[in-house]
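In what follows, a structure is listed as C-alpha cells, so that the remarks can point back to it.
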Amino acid sequence: MSSENVPLVDLHAQYLALKPEIMAAFEEVLEGMQLFIGPRQRAFEQEFATYCGCQFGVGNASGTHALELALRACDIGAGDEVITVANTFIATVEAIAAVGAIPVFVDIDPETYLMNWQQLEQVLTPRTRAIIPVHLYGHAVEMQPVMDFARAHGLRVIEDASQAHGATYRGQRVGSFGDIGCFSLYYSKNLGAFGEAGICTTNDAELAEKMRMYRDHGSRVRYLHEVMGANGRLDELQAAVLLIKMPHLERWNAARQAHAQAYNEQLRGVVDAVPVVRSWGTHVYCYYVIQVPDRDRFRLFLQQEGIGTNIHYPTPLHLQPACAQYGYKPGLLPVTEALASRIVSLPMYPELTEKQLQHVIDSVKKYVGSLASHSA
Numbered sequence: 088m089s090s091e092n093v094p095l096v097d098l099h100a101q102y103l104a105l106k107p108e109i110m111a112a113f114e115e116v117l118e119g120m121q122l123f124i125g126p127r128q129r130a131f132e133q134e135f136a137t138y139c140g141c142q143f144g145v146g147n148a149s150g151t152h153a154l155e156l157a158l159r160a161c162d163i164g165a166g167d168e169v170i171t172v173a174n175t176f177i178a179t180v181e182a183i184a185a186v187g188a189i190p191v192f193v194d195i196d197p198e199t200y201l202m203n204w205q206q207l208e209q210v211l212t213p214r215t216r217a218i219i220p221v222h223l224y225g226h227a228v229e230m231q232p233v234m235d236f237a238r239a240h241g242l243r244v245i246e247d248a249s250q251a252h253g254a255t256y257r258g259q260r261v262g263s264f265g266d267i268g269c270f271s272l273y274y275s276k277n278l279g280a281f282g283e284a285g286i287c288t289t290n291d292a293e294l295a296e297k298m299r300m301y302r303d304h305g306s307r308v309r310y311l312h313e314v315m316g317a318n319g320r321l322d323e324l325q326a327a328v329l330l331i332k333m334p335h336l337e338r339w340n341a342a343r344q345a346h347a348q349a350y351n352e353q354l355r356g357v358v359d360a361v362p363v364v365r366s367w368g369t370h371v372y373c374y375y376v377i378q379v380p381d382r383d384r385f386r387l388f389l390q391q392e393g394i395g396t397n398i399h400y401p402t403p404l405h406l407q408p409a410c411a412q413y414g415y416k417p418g419l420l421p422v423t424e425a426l427a428s429r430i431v432s433l434p435m436y437p438e439l440t441e442k443q444l445q446h447v448i449d450s451v452k453k454y455v456g457s458l459a460s461h462s463a
C-alpha cells in the first residue's frame, strides 16, 4: 500500500481554496432570506448562458430535472420516441420516461464512446420527435450531422451536456447547438454546486419561458397555475456557490486537460486505449476513461496502491432492469456492450498534484507489468 492516496475526485481541495468567499456569500444569502428565485440565481443563469453562447439560462433543481424540463418545453410526451444512447447515466432515459416518451437507442463510436450519428436513419420512425446526443465524459458529440439530420426530419435536439461544461465543437460551446442544452451541476462535475442543481440553456425565448413556468409549479404568476409543473427551482445558496466557481471553470478545465495530456503521454501503448479527441472538438475530462484487460483485478490492484477508480458505466441502459419494458436484448448495441466490460475511470480533478498523477501512472504501469510477467 502506497503512502500517496489518490481519490477518484477530491472535492475538499477545491472547497478549501474558495471557503472564505463561499462562507461570506452564504451569510449574505441567509441574512436576506430570499432563498430561491433571487438575484444570485438570475445572475448565474445569465453568466452561464453567456458563457455557453446562449441568450437564456434556466436554473433548476438537477441535471435530471433539466432534461425533463427541456422535453416538456418541446412538447415531447406520451408515445413519442426520443433517440439517444445507452452509454450514459440513467438520468438521460429517466427524463424521457418521466414525460411518457420512449427511448430509442443507437450505438456509439468505438473510439470516443459518443453517439454514432450514422445510425440515426436506421431507427427513425413516424413517432420520432427528438434526439438527445450526450456529450459524455467531457467530449463533444459531432453535432453538425446530428443537427442536419434533425432539421431534415423536423426533430427537436436536446443536448445532454451534463459532463461537458465548456467543451466545444468547431469552436462553439456545447449546449448552444440544439433547441436546448441541459447541464447537471451535481457537486462532482466540472462546475458543481454543493449538492444538486442544474441549468438549461437556449436561444429560444418561448422555450425559456415555458421551462421557467414548469420548474415553478406551472406558474408564471404566483398562485396562478397554467399547467401541472414541478418543484424544480435552483435555490440561492447553490446559485451563490456556482457564481463564485464560474470564473474558475476555464482554468479548472485547462488543468484537467493538462492532467489528461500527462496520462496520455505515459499510458498510450501501455493500456488498451486512452481517450481519443477528435480534431473538431475539445475534451474537458469530466472523467478520464481508459480500457484495460481484467478490469476487476486492475481496480483491486489500484485500490491496494491507494488509488480510487470507477466505472462510467458498467451496465448499459438498454440492459438495465428499469429499461426492460423497451424490449432491448444483449447483442443489439454491440459496441456499447463490448466497451462496458473494459472501460475504467482514473482519478481526475483540477487539484491533482504532479506527485499524485505520477503515482497513478506508475501504478498502472506496474499492473500491466505484472500481467506481462504472469503470462511469460
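Per the numbering used here, the sequence shown starts with residue 88, numbered consecutively.
Ideal Cβ positions, reconstructed from N, Cα and C, are used throughout, including at glycine.
None of these values were measured; they are calculated from a predicted model.
- Counting C-beta pairs closer than 8 Å gives three or more between the stretch 187-198 and the stretch 159-166, which meets the contact rule.
- As computed with DSSP, Ser306 is found in a beta bridge with His312.
- Boundaries of the alpha helix (DSSP H) harbouring Asp235: 230-240, taken from the DSSP string.
- Pairing His222 with Ala248 gives a Cβ-Cβ distance under 8 Å.
- Counting only residues of its own chain and dropping the five nearest sequence neighbours on each side, Leu242 has a CB closer than 7 Å to the CB of Thr215, Arg216, Ala217, Ile218.
- Between the C-alpha atoms of Glu91 and Gln445 there is a straight-line separation of about 10 Å.
- Gln209 counts as exposed, since fewer than 16 other C-beta atoms from the protein chains shown sit within 10 angstroms of its C-beta.
- Around the beta carbon of Val244, 16 or more other beta carbons lie within 10 angstroms, which makes this residue buried.
- The residues Glu323, Leu324, Ala327, in chain order, have a CB closer than 6 Å to that of Val116 in the same chain once the five nearest residues on each side in sequence are set aside.
- Taking the C-beta atoms as reference points, Tyr454 is found no nearer than 8 Å to Ala427.
- By DSSP's assignment, Asp291 forms no beta bridge with any residue.
- Counting every other CB atom within 10 Å of its CB across the protein chains shown gives Ala295 a total of 16 or more, marking it as buried.
- By the 16-neighbour rule on beta-carbons within 10 angstroms, Ser149 is buried.
- Between Leu336 and Gly279, the C-beta gap is not smaller than 8 Å, which leaves the two residues out of contact.
- Taking a contact as a CB-CB distance under 8 Å, the pair Val93 and Gly456 does not count as one, their CB atoms being some 19 Å apart.
- The Cβ-Cβ distance between Thr288 and Gly268 falls below 8 Å.
- In the structure shown, Leu321 adopts coil according to DSSP, grouped into three states.
- Classified as buried, Gln443 has 16 or more neighbouring CB atoms from the shown chains inside 10 Å of its CB.
- In this chain, the beta strand (DSSP E) harbouring Gly146 covers 143-147.
- In chain order, Glu168 place their CB closer than 7 Å to the CB of Thr212, counting only its own chain and leaving out the 5 sequence neighbours on each side.
- Considering only Tyr224, Phe264, Arg257, the residue with the shortest C-alpha distance to Ala237 is Phe264.
- In the DSSP annotation of this structure, the continuous segment of the beta strand (DSSP E) that includes Leu433 starts and ends at 430-433.
- For Arg129, the closest alpha carbon among the candidates Tyr138, His304, Val379, Phe143 is that of Phe143.
- In the DSSP annotation of this structure, the continuous segment of the alpha helix (DSSP H) that includes Pro107 starts and ends at 98-119.
- 8 Å or more divides the Cβ of Ser432 from the Cβ of Leu389.
- Considering only Arg257, Cys141, His240, the residue with the shortest C-alpha distance to Val364 is Arg257.
- Thr255 has its alpha-carbon roughly 12 Å from the corresponding atom of Tyr372.
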